[in-house]
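A.B. asks:
4 protein chains.
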Amino acid sequence: MTPRSPKHPDSHGSTHNDPASVVFEPEFVDGLRNIFDNLVVFNRFLGLKITNITPERVSGRIVMRPELVGHYGYNRAHGGVISAGLDSMGGVAVMAAIGARHMDEPPAQRLTRFGKLGTIDLRVDYLRQGISEHFDLHAQVMRLGSRVASTRMEFCAADGKLLATGAAAYMVS
Amino acid sequence: MTPRSPKHPDSHGSTHNDPASVVFEPEFVDGLRNIFDNLVVFNRFLGLKITNITPERVSGRIVMRPELVGHYGYNRAHGGVISAGLDSMGGVAVMAAIGARHMDEPPAQRLTRFGKLGTIDLRVDYLRQGISEHFDLHAQVMRLGSRVASTRMEFCAADGKLLATGAAAYMVS
Amino acid sequence: MTPRSPKHPDSHGSTHNDPASVVFEPEFVDGLRNIFDNLVVFNRFLGLKITNITPERVSGRIVMRPELVGHYGYNRAHGGVISAGLDSMGGVAVMAAIGARHMDEPPAQRLTRFGKLGTIDLRVDYLRQGISEHFDLHAQVMRLGSRVASTRMEFCAADGKLLATGAAAYMVS
Amino acid sequence: MTPRSPKHPDSHGSTHNDPASVVFEPEFVDGLRNIFDNLVVFNRFLGLKITNITPERVSGRIVMRPELVGHYGYNRAHGGVISAGLDSMGGVAVMAAIGARHMDEPPAQRLTRFGKLGTIDLRVDYLRQGISEHFDLHAQVMRLGSRVASTRMEFCAADGKLLATGAAAYMVS
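Protein chains in written order, with the working numbering: chain A, 269 to 441; chain B, 269 to 441; chain C, 269 to 441; chain D, 269 to 441.
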């Protein structure tokens, strides 16, 4: 089929900002962090915390602990820790991109858009074993459409070595 | 993130039919076949022809020929023949499912929905070498939402052996 | 590129069995279950238990509980529960297929092959919201090569409704 | 499952080079280009030509023409042109990485490794419509193991705009 359709403009009709020039209010960043770190219960179990949010790239961290081990006898993170973490980070990246597009809305209103977000699909490529004291996760939005957003994600060891990569699509409205 | 969102009902508000009980009019089937076999130019090059269309499953066929070879010295189809064919078949499956949902519209109107279809993403798993005199392709829709449809596809040898499988998401409106 | 290579026979040179005719010894089934349910720590957290193992298809179950929730205010499983569960089940399906291929080896020896298994990549398609009292997971091997195995997986609600599908590739030696 | 396995070192036991410091002989580059541009028949149909080969990144180009159109009435490339092109480019990137690892072998011997390469699976994310006078494709290897290689690819318009991204896994021996 033809990649996406001719009827889908890249945006919404709402305020358009160059993402690179947007600076988020602390209220928006704190609100997004609270939803993500505390209210998404499974993130709390993973120990996944947001470390940085910008309109163009978000980062998070998971500190390794025994519950996350995938293979008895090795101290390696389970592949599910990686897939779950990358899915979550992709979602935050989309929220940040949506937030940057709707700077005309008050922070609280932008945050309600989080409830409309849903993952369509996810791919994870496991490159190297998940061995590290902590893991740094990064995500960026490749394209934010009016209905679908596409992201790329990375899962890195504490020394920066790339352990896994991901790609996901999200429904945004 | 949460799989898809709570705000997305499975359907449209339009006429709802049990897909299994829908029988397409010849006008719809012929129109869909004409678009697919003739007007989508790249399908014509692949030699991909629809062999069967029902609301729940569509099938097509590619006859092997030298232009489709992937590797000099072997008579194997290129992986791109497989990925292109599966993408196209998934799209037809979505069109059939949409057609079954909108039986209240005249065939010609339903066919205009084809122009709105776009592939969001595609995965292909290559299981065995693409060696056969012809290939049979099958696709079915796993879920048709109001905005996104998900499909699964298969690429088989003439003897029925499964050579590759695929999965794709499409934007439908 | 050409799908896989001409130098890769489908099998190993070891004993070949028709998977459908193989019946596993209780020792093998119990051993695999023990590794999976108890020694893979993250499965224990997910609450993922194997419910059935045959050479051609494996099933498991996750009982929903608050820690697995993905979205505050809804009782839906996080997408990471789904991706982690499907990855694990695909791995067990590969182990069962390998076990059926090597029935000439004693059960304990076959079980050591588990340590060689690694996920190459994973795709998950999220079809419907993960709302159910428990979830039934199924996996089957589409092809077991000498080095790579490909699987398909399903994640279903208690009423059998399909909530998500997956596909993964595993390194097997 | 655990991401890949502890038994798989990143390399082969053969000569190890820092890819960044390797300079390919013209004989190797010309040989790879000849296989790719001429002997892989389907690439010839796509009109896909290699434009640059280094150990760390390869690039190619497809000039748009009517046979590649995906949708009657629009001059957009079919999604299959994109998936086929990205699959091919990922394969060349793997060949370049293998070539850099085996600089101790004469070029002709390194080129025979091409026959062992096979695609395991492919994912393509379609971001924007494929409209351009020509397309530039890029691929890089994220990890080259002794048996499996993982790649990321990009499909860009003539003005550099990113139209699609891809990821693939290849069997390398």
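In this text, a Cβ means the ideal position worked out from N, Cα and C, and glycines have one as well.
Please compile the residues from chain A whose C-beta is within a distance smaller than 7 Å of the C-beta of residue 344(D).
C.D. replies: As a first step, residue 344(D) must be located in the fourth sequence, where it is residue number 76. Under the 7 Å cutoff, chain A gives 270.
A.B. asks: I'd like to know if residue 336(D) contacts chain B, where contact means its C-beta is closer than 8 Å to some C-beta of that chain.
C.D. replies: Taking the fourth sequence and counting its residues from 1, the one referred to as residue 336(D) is at position 68. Residue 336(D) counts as touching chain B.
A.B. asks: Touch check for the segment 294–301 of chain C and the segment 372–379 of chain B: three-plus C-beta pairs under 8 Å?
C.D. replies: No, the segment 294–301 of chain C does not touch the segment 372–379 of chain B.
A.B. asks: So the candidates are 399(A), 307(A), 320(A) and 394(A); which of them puts its Cα closest to the Cα of residue 342(A)?
C.D. replies: As a first step, residue 342(A) is located in the first sequence; it is residue number 74 there, counting from the start. Out of 399(A), 307(A), 320(A) and 394(A), 399(A) has the C-alpha closest to the C-alpha of residue 342(A).
A.B. asks: DSSP has residue 439(D) in a bridge; who is on the other side?
C.D. replies: Counting from one through the fourth sequence, the residue named residue 439(D) turns up at place 171. Bridge partners of residue 439(D): 386(D) and 416(D).
A.B. asks: Counting only beta-carbon separations shorter than 8 Å, does residue 380(A) have a partner in chain C?
C.D. replies: Counting from 1 along the first sequence, the entry for residue 380(A) is found at position 112. It does not; no Cβ of chain C falls within 8 Å.
A.B. asks: Compile a chain-ordered list of the residues in the segment 416–434 of chain B whose CB is closer than 8 Å to at least one CB of chain D.
C.D. replies: Listed in sequence order: no entries.
A.B. asks: Quick one: is residue 387(A) near chain B, going by C-beta distance under 8 Å?
C.D. replies: For this step, residue 387(A) is matched to residue 119 along the first sequence. Cβ-Cβ to chain B under 8 Å: yes for residue 387(A).
A.B. asks: At a CB-CB cut-off below 9 Å, which residues of chain A make contact with residue 437(B)?
C.D. replies: Indexing the second sequence from 1 puts residue 437(B) at position 169. Near residue 437(B) (Cβ distances below 9 Å), the residues of chain A are 388, 389, 416 and 437.
A.B. asks: Checking contacts by CB at 8 Å: is residue 313(C) closer than that to chain A?
C.D. replies: Against the third sequence, residue 313(C) aligns to sequence position 45. Chain A contact via Cβ: present.
A.B. asks: Residues of chain B with CB closer than 8 Å to the CB of residue 355(A), please, in chain order.
C.D. replies: Residue 355(A) sits at position 87 when you count from the first residue of the first sequence. The answer, in chain order, is 269.
A.B. asks: Can you confirm whether the segment 385–404 of chain B touches the segment 307–314 of chain B when touching is taken to mean that 3 or more C-beta pairs between the two stretches lie within less than 8 Å?
C.D. replies: The segment 307–314 of chain B vs the segment 385–404 of chain B: no contact.
A.B. asks: Which runs of the beta strand (DSSP E) at least 3 residues long sit entirely within the segment 324–401 of chain D? Give them in chain order.
C.D. replies: Those beta strand (DSSP E) runs which fall completely within the segment 324–401 of chain D and span 3+ residues are 326–331 and 386–394.
A.B. asks: Assign residue 288(D) to one of two classes, buried (16 or more other C-beta atoms within 10 Å of its C-beta) or exposed (fewer than that).
C.D. replies: Along the fourth sequence, read from residue 1 onward, the residue named residue 288(D) stands at position 20. Label assigned to residue 288(D): exposed.
A.B. asks: By the 10 Å Cβ neighbour count, where 16 or more other Cβ atoms means buried, how is residue 326(D) classified, buried or exposed?
C.D. replies: Here the question's residue 326(D) lines up with position 58 in the fourth sequence. Looking at its Cβ environment, which holds 16 or more other Cβ atoms inside 10 Å, residue 326(D) is buried.
A.B. asks: Could you give the DSSP three-state label for residue 423(C): helix, strand or coil?
C.D. replies: Along the third sequence, one-based indexing puts residue 423(C) at 155. Residue 423(C): strand per DSSP, three-state reduction.
A.B. asks: Could you tell me which chain C residues have their CB closer than 9 Å to the CB of residue 361(A), listed as they occur along the chain?
C.D. replies: The residue labelled residue 361(A) in the question sits at position 93 within the first sequence. Within chain C, no residue comes near residue 361(A); the closest Cβ sits about 15 Å away, beyond 9 Å.
A.B. asks: Determine, using beta carbons only, whether residue 348(D) and residue 355(B) come nearer to each other than 8 Å.
C.D. replies: Counting from one through the fourth sequence, the residue named residue 348(D) turns up at place 80. Counting from one through the second sequence, the residue named residue 355(B) turns up at place 87. A contact, by the Cβ cut-off of 8 Å.
A.B. asks: Is any beta-carbon of chain A found at less than 8 Å from that of residue 441(D)?
C.D. replies: Within the fourth sequence, the letter at position 173 stands for residue 441(D). By this cut-off, residue 441(D) is not an interface position.
A.B. asks: Short check: CB of residue 337(C) to CB of residue 329(C), under 8 Å?
C.D. replies: In the third sequence, the residue the question calls residue 337(C) occupies position 69. In the third sequence, the residue the question calls residue 329(C) occupies position 61. Contact: no.
A.B. asks: Rounded to the nearest angstrom, what separates residue 364(D) and residue 360(A) at their Cα positions?
C.D. replies: Taking the first residue of the fourth sequence as position 1, residue 364(D) is located at position 96. Taking the first residue of the first sequence as position 1, residue 360(A) is located at position 92. Straight-line Cα distance between these residues: approximately 36 Å.
A.B. asks: With 16 as the cutoff for other CB atoms within 10 Å, does residue 402(A) come out buried or exposed?
C.D. replies: Start at 1 with the first residue of the first sequence, and residue 402(A) comes out as number 134. Exposed.
A.B. asks: Less than 8 Å between the beta carbons of residue 420(A) and residue 387(D), yes or no?
C.D. replies: On the first sequence, residue 420(A) is found 152 positions in, with the first residue counted as 1. On the fourth sequence, residue 387(D) is found 119 positions in, with the first residue counted as 1. Result no, Cβ atoms of residue 420(A) and residue 387(D) do not sit closer than 8 Å.
A.B. asks: What would DSSP say about residue 292(B), mapped onto helix, strand or coil?
C.D. replies: For this step, residue 292(B) is matched to residue 24 along the second sequence. Coil, per DSSP.
A.B. asks: Where do the N-terminal and C-terminal ends of the alpha helix (DSSP H) with residue 311(C) fall, by residue?
C.D. replies: Your numbering for residue 311(C) matches position 43 in the third sequence. Where residue 311(C) is concerned, the enclosing alpha helix (DSSP H) stretches over 309–314.
A.B. asks: Could you give the DSSP three-state label for residue 428(B): helix, strand or coil?
C.D. replies: For the purposes of this step, residue 428(B) is identified with residue 160 of the second sequence, where counting begins at 1. If DSSP states are grouped into helix, strand and coil, residue 428(B) belongs with coil.
A.B. asks: Per DSSP, what are the beta-bridge partners of residue 403(B) in this structure?
C.D. replies: Counted from its first residue, the second sequence places residue 403(B) at position 135. Per DSSP, 330(B) and 425(B).
A.B. asks: Taking the alpha-carbon positions, what's the residue 435(A) to residue 418(A) distance?
C.D. replies: Along the first sequence, one-based indexing puts residue 435(A) at 167. Along the first sequence, one-based indexing puts residue 418(A) at 150. The straight-line gap from Cα to Cα measures roughly 7 Å.
A.B. asks: Strictly below 9 Å CB to CB, what residues from chain D border residue 408(A)?
C.D. replies: Against the first sequence, residue 408(A) aligns to sequence position 140. By Cβ distance, chain D contributes nothing, its closest Cβ being about 11 Å from residue 408(A), past 9 Å.
A.B. asks: Taking Cβ positions, are residue 323(B) and residue 362(B) nearer each other than 8 Å?
C.D. replies: Here the question's residue 323(B) lines up with position 55 in the second sequence. Here the question's residue 362(B) lines up with position 94 in the second sequence. Not in contact: residue 323(B) and residue 362(B) (Cβ atoms no closer than 8 Å).
A.B. asks: Bridge partners of residue 321(C), per DSSP?
C.D. replies: The residue given as residue 321(C) occupies position 53 in the third sequence. The partner list for residue 321(C) (beta bridge, DSSP) reads 326(C).
A.B. asks: Residues in its own chain within less than 8 Å of residue 275(B) by CB, not counting five upstream and five downstream?
C.D. replies: Here residue 275(B) refers to the residue found at position 7 when the second sequence is read from its first residue. Model confidence at residue 275(B) stands at a pLDDT of 44, short of 50, so the residue's coordinates are unreliable; what they give is reported in the following sentence. No residues qualify anywhere along the chain.
A.B. asks: If you draw a straight line from the alpha carbon of residue 409(A) to that of residue 416(D), how long is it in whole angstroms?
C.D. replies: The residue you call residue 409(A) lines up with position 141 of the first sequence. The residue you call residue 416(D) lines up with position 148 of the fourth sequence. C-alpha separation (whole angstroms): 28 Å.
A.B. asks: From 270(D), 286(D) and 303(D), pick the residue whose C-alpha is nearest to that of residue 383(D); which is it?
C.D. replies: Translated into positions along the fourth sequence, residue 383(D) becomes position 115. Considering only alpha carbons, the answer is 303(D).
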